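Reminder that position 56 of the sequence shown reads as 56 in full-length UniProt numbering, one-by-one numbering, no gaps.
Below is one structure, written out as structure tokens; comments come after it.
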Amino acid sequence: MARFEPCHGKDACRDDGERCLTCGRQLTEIARLREAIDALAGLAVDYRYDNTEEFANYVARKLFKTINHRREQAG
Numbered sequence: 001m002a003r004f005e006p007c008h009g010k011d012a013c014r015d016d017g018e019r020c021l022t023c024g025r026q027l028t029e030i031a032r033l034r035e036a037i038d039a040l041a042g043l044a045v046d047y048r049y050d051n052t053e054e055f056a057n058y059v060a061r062k063l064f065k066t067i068n069h070r071r072e073q074a075g
């Protein structure tokens, strides 16, 4: 199982065309995560949530549960 390494900031990011040399993640992985975060941010903005911290915490809790459920299902 791989270990997630968070981004160290766009200013720290250096790549070889396939992966970030700072965090080690593939550029396709980074792009997918950015798209998912952008979609969630867009949802909060579109619906004008004023309690964005609660929204983010809810998403984090649900994501954690969903990942664990899928891992259990995969066996």
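Backbone N, C-alpha and C define an ideal beta-carbon position, used for all residues, glycine too.
Source: prediction; values computed, not measured.
- Of 33, 17, 16, the smallest CA-CA separation from residue 7 is found for 33.
- Residue 24 is positioned such that its CB atom lies closer than 8 Å to that of residue 5.
- Here the alpha carbon of residue 22 sits roughly 30 Å from the alpha carbon of residue 44.
- For residue 24, there is no enclosing alpha helix (DSSP H), since its DSSP letter is neither H nor E.
- Residue pairing for residue 15: DSSP places it in a beta bridge opposite 20.
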